[in-house]
Structures are given as structure tokens and as C-alpha cells.
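Residue numbers (the numbering used here), protein chains in the order written: chain A, 1 to 190; chain B, 191 to 380; chain C, 381 to 570; chain D, 571 to 760; chain E, 761 to 950; chain F, 951 to 1140.
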């Protein structure tokens, strides 16, 4: 039986005490988000793993890119919808609602992205993310060219591929260990 | 048309000159492996992305774990076989051949892991990796318990999940951008 | 281009004026729900079709049954999640939130029902609904017996099968004609 | 063990005596078809459910439509072939043979509709029914437009969607409760 | 456009004149079956290919085996149903009807073999044929043992595997070249 | 437990002594290949079955055809990769390496044929083989015409279909009885 406060089905308690750098990072989360996302608590049994995860996450989702932060979150949710990852749909669905100011858009990404009235660029972006998620072995140059044709650069294509790949990892880790999202997400930005 | 030396289908040249740390790391690769793996060259257009990738990779595949390095490579190849990723099957198939000293084992992981005569522990490990790859949303506590029943700790389960997740990311990025393996892998450890 | 107010992608205006019985039914909806559900407006181009739909719907979802109304709505959402029907996930996800008073439960049914901590009875019920949705041809007596073993009667099994079947119809009609849910559902019972 | 005469695997006897309206309807069936279709006997444990089913069925399959009765039966059989529903393939396969006077056409609908030499209109119709059955979430405006391009009206599209949806319901209910077709169908119109 | 009499979509006329051995074999077919099965006419553009096909077919389906001829035909139809091969379903569906004297059994094999009330032995046989057809890479010793447990010998298992394999070949060749069955099959043994 | 030397999981010893024709054929194999392929030993419990298998195999893979022997082996490996057949991937992967003199080409066929830089003709050939393997029921005249458009004759199309069909048989038989390849293949032509 998992303890009420335990973020996953695994009995892997956080390092105690947390190293000062980590403690400070968690304090920032608490201040800015009003919570420490459970994914961070889940990795905090091993600070190297936590740091590797956050470094990659922050680079992909927050660093400079030809994709807006909202677009990266849209990819995150579409991938998570295919993989039916409860954690990621909850956390990143909230992010789409918040960044877009459009709660229905968040729901569409969770439920069926084709229901959204997207322009050609975002349709191509999500179509590529879907194909890479479902049948990556069938991707060919024609698929990349279709992205270039709607204005994406090669660097943008790298970013679409990377974000898609990242959530295919994250979805599987979260589902494999039954990671549970912070309850605050559900009502956020509705 | 991609240049002969280009590691992917994207026109994203390496930072030039490489920062000293990176240059040194590449030299170590050249010395120890006789090559710079193309995945590193592919990420070297952006040193932050390269560092995030190598930090996570090295932690997962080389740091301490209840899983042997060979077992982690076996998971890598089984996942890559499901996703039919040419890059990862080539590079990590070679690693299985090398670490095991058993070329046929490498081929079995590439072709059909059920052909290998594995013990109950490794069968459960690869069965879990397969399920997490194909239908992660259907993983339940019974699947985790089956791993515990053959002797895996919760920390081991985390590692199986993480390695499985990582190659589900890597496979997709590699296929999405048509990353090509260094030709040296093909004849290695046959 | 569909008109802003049009509930589907098809140009099939409502009968005008509506017959008195229908007008009255729509008034009741407006009073009780604060809206006329778009599915009713979508069928109202042909009153016989509307009546056939509402008769079946009301019998299945509102008439007496060994399944609670909430349980029937849970089945509705799980089926719709498999079929990724934006309309039904939106409308019936709201119903689960409302009937259960548990917004997270509604999200779990939409995102991945296995994330919910359900008892053996409801787990069996949703597992059967999932199998009937995905691979109905493989249902055997053992599947029905598993429902009896957790306390369902033959009549209950009929009801689980019927509700599952109904949403497999409804999901497909809604997606085939791009039926859009009333926007009021999104914020309801969060 | 099911009784020899029982139309499904569930022990749900018909209301006894049947209400006069129902008894009369069953008499008409016996006179016109030489049998009471088992689907009616299966629903007759609850007259409201029976009436809701027959009202929807008769409206969809027998009322006026831009689709001929044969075309609606062709859709019924193609959907049932995808879902491998023994009851519906038997009953509606017979209907295609009878309405078309072409036994081989009935067999083609049951076995593989692409084997039939159909015109562009019927090919589009069955292709749409197949997509709505298998991957309804991927239907887009382009699919509807393809139907309009071969001459279907928006009302016709509604009818194709509705018949397709209906048999996706009916197939699942029949398989879930192991409904068995009347034996008379097998030799009919060969 | 294919000629009316042409057995496939390919323009590959029969050797003319047929060699005496072949002509004699075709005469025997005409006498015993009332027709020359189109599969023989389809291969008769090359007598070596025809002979290789008939030698394998006759050995598998007609030579001594622990499986009855009917059981081999049941496997043939179940495999062909999964692959939706119009030619083989038509020809071998007729064979099941004829050999069993039970038209409904033939229909069940075509439509959904799980609808038939089979004993444990035949259920295991068809379950194995289904798994070998759909997911042969997942067959393990446990699957073979399940066949031994209901009384099959290792030789019988070879025969089940061989017949299953053969129709997975035949179905694909027939569908790939649009081979059409002789119309006589449709009404046969109804 | 299978004996060390036994080529499959079934206890079906070779006819002893082998008939002179068979013994001679096996001697030729030993001389030319340095081994007797295990598939021949597996069928040698019944000489009629062995002869039927070798007659078909030799006609398909070695007799005259518009497809080169290498092309036929490429099809063999691509089909075996989809079906994940350890025996056929091992034996025919070696054949591709040997006939092409290009070890990487063999690996690409095993791992993901889309990774190879093939011309339009071979791309169409393998695309057709893939479709016939995965979804033969959906092959239409357009697929055959696409082969004609890149220069294949109707006879060539027959050969592509036949080789594809054959390995869909062979893969399933090999996996169903756990046929193991001769170890010599692994290091061959690397």
C-alpha cells in the first residue's frame, strides 16, 4: 500500500536532507507554482537522476526555440494523449490551458487534437508528433519536408522531434511507476 | 541531399569550435571507442542539449544500478527492436555482443528477444520493458509485483522503467531525424 | 465553412418550427441544464431520428438499472476515451464530475481509467467495457462469468453491454460529423 | 448452460405475456419473415428497451433516405465484418443477398468488401464506414468532402454515419451477450 | 481491365498447350469437383510453380495426419478470416460446409470461430492458429504445451503450424494478385 | 527439454536412414554451405514434406525471375523483420550480406528497411511486400499499378507476391515450432 504522500507506487523516499541546491530549487517551485511537482519528488531519491531530468526538461520546454512554449506544451499533451498518461495529461493539460488562456484548447489536446481548429503549421507539427509517437520507423524525408513546407526550420524539426521523444519517455516512466499528479492541477486555469 | 559526413537528415552543423570540455569528451570517445558516436555529433549543434543528453545517458547506462550494464543494454535493444530504430539497434546491438561476449545474444535481442534462453529474472525484465513500450497505459501494480517476485527491488524497477523510457525517446528522435550509426558498429564483436 | 452556431459539420438545419413536444423538451433542457445539448440540436433536422435517439438514450442512462447513473456515465467516458470522441468526453466527463462530486475521477475516466482506485466490481465493469469496445469478437463466457463473480446479475451485464455499445455508436456518429459540445461543459463541476 | 431456445448467453426471459402491441409485432415478423428475429426476442425481457431498439432500427434501415435499403445493408455487413459479429453478419449478409439478388455480393461484404467491383460512390461510402468503424477519431473534413465529391448530400452523410454507428453498437451488444442468429438465415437467398 | 475469364488481376496466360500430366490433372478436377479451381489456373502460367504449389497443398491438406481433413479446413478458414482473403474464405468455407455437413459451422469459421461450440481440443487448435497468424513472434513453449495438454502430439503441432503457415502464404498471394474464386463455391453445400 | 542438436522444439527425429536422394542433397549442402540448414533437418522427419518445401523454396528463390536473387532475399528479410522470425532473419540476413557484399544493407533489411537508400524500384517492391504482409486485404489495383509504374512486369508482381507469401508461411512455421538457425550464420559475411 502506498503511503498517502508518496508520489509513485515505488517505495523510494527522497534524499533527506535534500542538498542545498535541490532544497532551493524546490522552494522556488513552491513559491512560483504553489507546489512541488510530484515528478520532482519522484526523482529526488537520487539527486543525479533528478538533475539529469530537470536539465533536459528545462532545456526542452523553457529554453529558446522556434516553437513557442505553448506549442511545446501542445506536443506534450498530444503525445501523452496517445500514450494515455494520467500524470502528464493532467500536468501539461493545465499548462496548455494556462499558456493559451483557452481551457477548451487544453481539453482538445487531451481528448482529440483533431477537434481543434488549428492552422496548417500547428496541424503539421502535431501530425508529425503523432506519427513519431505511433510509427516512428515509418518516418521518411517526405515527413520532414512537409514540416519545412509550412515554415519550420531544421532546428524546429529537431525541437519537435525532441519534445515528442521526451514525452514518450516521460509518459512511460510515469505509467510504469504509477506517478500521480499534484491534485492542484485539476482545477487550474479552467 | 545530406552531406556525406552529416549524422542526421537535418542541416545542423556542430558548434565550431567546440568548447574545450566538449572537445575533450570527444577525444576521450575517439581514444576509447575508436570513433565519436554519431548521436553526440548530432546533438553538438547546441552544447546545452548535448550535455543534457549525455548526463542522462551516462547516469542511466553507466552509473551504479541493480541492473548490470549488459542488462541495461538488453533493454535498450529490445525497446529499439519494437520501435525498429536503425541507429539504436546498430549501436546497442554491438554493445550487447561486446558486453556478453555472445554475438548470438545480440542478434536475438535485435530480432526477437523471446528466442533467447533467459532466466526468469531477465524474462520478467524484458517482458516489462516490452509492455511499457507497447501499452504503458495498461501497466498495473500486478506488473510491478511480478518484478518484485523475481527479485527486483523498487529501485531496480525504477531503473528498468527509466531505461525503457529513455530508449523510447531516443528511438523516436533518431528515426524522426534519420540519425545514422557509425559504420564501425556493424562488424564489431561478431 | 460551418456557421458559428451549427452543432456539426453538416448543413442540416433544425425543423422550423419544432413540433410542440420537441419544443417543450428543449425548454425543459434549457431550464434544467442551462442549455440544449448540441446532440439534440444535431438530430433535430428529423424529429423521428431525434425521438429514436432520445428514447434509447434516456432508457439506457436514466431508467432503472443495477448500475448507478454514475457507473453508466463512467462506462460512457471510458468508451469515449478509447474512441477519442471530443463531444462525448466533454459532455459525459462533466457528468462524471457532477454525479461523483469528484473532479479527479472525471479526469481519470477521460485520461486513463486504470489510474483510478476502483473496487473489484467497477474494475471488472470497466475492463469488460474496454474489451467489448476494442475486441468484442473475442468476448467469451469467461468474460461474462467474471462479471457475475463480482456480483453483477445477467440484467446488469445486459446494461453494461448496452451502454458500452451505445457510446461506440454515439462516439462514431459524433466524430464522423464533427459534432461540437456546448462550451458550458468545460468549466462545469471542476 | 444456456437453454436450447435462449437467444443469448444471458438468462433474461421474455416478458410473459407480451403486451398486445409487441405480440402483434412479433406476429407480423412471423408472417413476413417466417421467424421472429432473435434480436427481438433478446430485447423482449424489457419492452421499453425493445421499443427503443426497434424504433431506431426501423428508422435507420427502412425509412426514407438517399441511401437505398441495399446500401444500408451493405454498410451493416461491412461494419460487422470488421467487428466479426456472427449475429449481424448472418442476418444482414442474408439481407444483402436478398435485396441484391446477388449471393456473391453478400459473401464479398462478409469476407472482404474490397473484392467487390463497386462504383466510385459505393466505394467511397464503404471506405468512410470502414474509417468511422476503425479510427473515427481521425475523420476530418476531407473525408466528408470526399463523400460530397461522389454525389452524397449532407443528409446522406448523416445516414452513412448513423448506420455505421448503429452496427458498431449492435455488433458489440450481440458479441458481448453471445446473441445467436436464427438458423433460417444461413440458407436464405443463396 | 481483366478479361472475364482471367483468374487474377495479372495478365499471365496458362501454358498452351498444357503438358499432358497437367492436362490430365485438370481433367480429374473437372470430373471430381465440376470445375478447375481458379488457383490452379492462376499458377498454370508456369508448370514448375503449379507443381510446387499442388505438391505442398496436397501433402498438407490430404495426406495422413492426426488432424482430420475437416480440422485442417477449419484452420484454413480461420486463418483466412483473420486475413480477410475472399478467395480462400470462399473455397475453404465451402469445404468446411461439405466435410462437416454443417453449413452453420462453415459460416462460423468465416465470421467468428469463437461463435462455434467446439471442444477443448479444437478450441486450443484454433486458438494456436490464431496466435500464429497474428503474433507468431510471441509463441512460446507454453503455447505448444497447451496443445499437448489437450492431446496433440508433436507431429500434430507441426501439422497445425504448417497448415496455418500455408494459408498465411496463400491468403497473401491471392489478395496480392486479386485471385477470384470459381462462382460454383458460393451455393455449394448450403 | 530439447536435445542440444534438435533443430526445433518438437521431438520429430529425422528419418533414419535418409533415402539416398535426400542423403545426397544434404551432402551437397554440407559441401557448398559448410552446413545442413536446420530448416531441412526440421522437415526431414517426413520426406514428402521436405521435398515439397525444398521444391517450392528452390523455385521461388533460385529459379529464373525478373527479380535478382538479392532482391528476393531482401523481400525475405523485410517480411521476416515484420514477423520478427529469428530463424529467417538470421539465415536470410546472412544471404543479403553475402549476395550484396554490403553488410550494412543486410542489417538495414533486418532492422528497418526504410533506413536503406534504395531506388524507386526497390522501394516500391519492399513497400508492396510490407503491405501484403501487414494488410493484404487492403491491396487494390492501385498497388499493383504502382509496381508496373516503376518497371515491374505482371510476372514480376507474381514473384514479389509469392516470395512475400512464402516467408509469411515460413516465419510462422519457424516461430510456431521454435526452429533455431545454424550458428554459422551469425558471423557470416560481416
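Positions of the beta carbon are idealized from the N, C-alpha and C atoms, including for glycine.
Which of the three DSSP states, helix, strand or coil, is assigned to residue i?
i: residue 1139(F); result: coil
i: residue 235(B); result: coil
i: residue 410(C); result: helix
i: residue 592(D); result: helix
i: residue 818(E); result: helix
i: residue 465(C); result: coil
i: residue 1029(F); result: helix
i: residue 942(E); result: coil
i: residue 574(D); result: coil
i: residue 419(C); result: helix
i: residue 622(D); result: helix
i: residue 580(D); result: coil
i: residue 827(E); result: coil
Does the beta-carbon distance from residue i to residue j come in below 9 angstroms?
i: residue 1028(F); j: residue 936(E); result: no
i: residue 205(B); j: residue 369(B); result: no
i: residue 373(B); j: residue 276(B); result: no
i: residue 816(E); j: residue 882(E); result: no
i: residue 807(E); j: residue 779(E); result: yes
i: residue 532(C); j: residue 456(C); result: no
From residue i to residue j, what distance separates their C-alpha atoms?
i: residue 318(B); j: residue 10(A); result: 15 angstroms
i: residue 544(C); j: residue 685(D); result: 32 angstroms
i: residue 993(F); j: residue 790(E); result: 33 angstroms
i: residue 905(E); j: residue 917(E); result: 10 angstroms
i: residue 147(A); j: residue 125(A); result: 7 angstroms
i: residue 1055(F); j: residue 1046(F); result: 7 angstroms
i: residue 138(A); j: residue 1084(F); result: 14 angstroms
i: residue 575(D); j: residue 860(E); result: 23 angstroms
i: residue 364(B); j: residue 932(E); result: 32 angstroms
i: residue 767(E); j: residue 278(B); result: 46 angstroms
i: residue 488(C); j: residue 1030(F); result: 40 angstroms
i: residue 359(B); j: residue 352(B); result: 11 angstroms
i: residue 310(B); j: residue 565(C); result: 50 angstroms
i: residue 792(E); j: residue 1137(F); result: 53 angstroms
i: residue 597(D); j: residue 591(D); result: 10 angstroms
i: residue 82(A); j: residue 53(A); result: 22 angstroms
i: residue 1156(F); j: residue 604(D); result: Lying before the first or after the last residue shown, residue 1156(F) is absent from chain F, which here runs from 951 to 1140.
i: residue 392(C); j: residue 470(C); result: 23 angstroms
i: residue 252(B); j: residue 50(A); result: 16 angstroms
i: residue 853(E); j: residue 870(E); result: 7 angstroms
i: residue 975(F); j: residue 1034(F); result: 29 angstroms
i: residue 331(B); j: residue 497(C); result: 11 angstroms
i: residue 628(D); j: residue 339(B); result: 56 angstroms
i: residue 534(C); j: residue 452(C); result: 16 angstroms
i: residue 587(D); j: residue 611(D); result: 13 angstroms
i: residue 1020(F); j: residue 872(E); result: 40 angstroms
i: residue 570(C); j: residue 190(A); result: 8 angstroms
i: residue 64(A); j: residue 1016(F); result: 54 angstroms
i: residue 863(E); j: residue 573(D); result: 22 angstroms
Within 9 angstroms of any Cβ in chain I, is that where the Cβ of residue i sits?
i: residue 557(C); result: The structure shown has no chain I; the protein chains it does contain are A, B, C, D, E and F.
Please specify which runs of the beta strand (DSSP E), each continuous and at least 3 residues long, are wholly inside the region 851–935 of chain E, giving them in chain order. none
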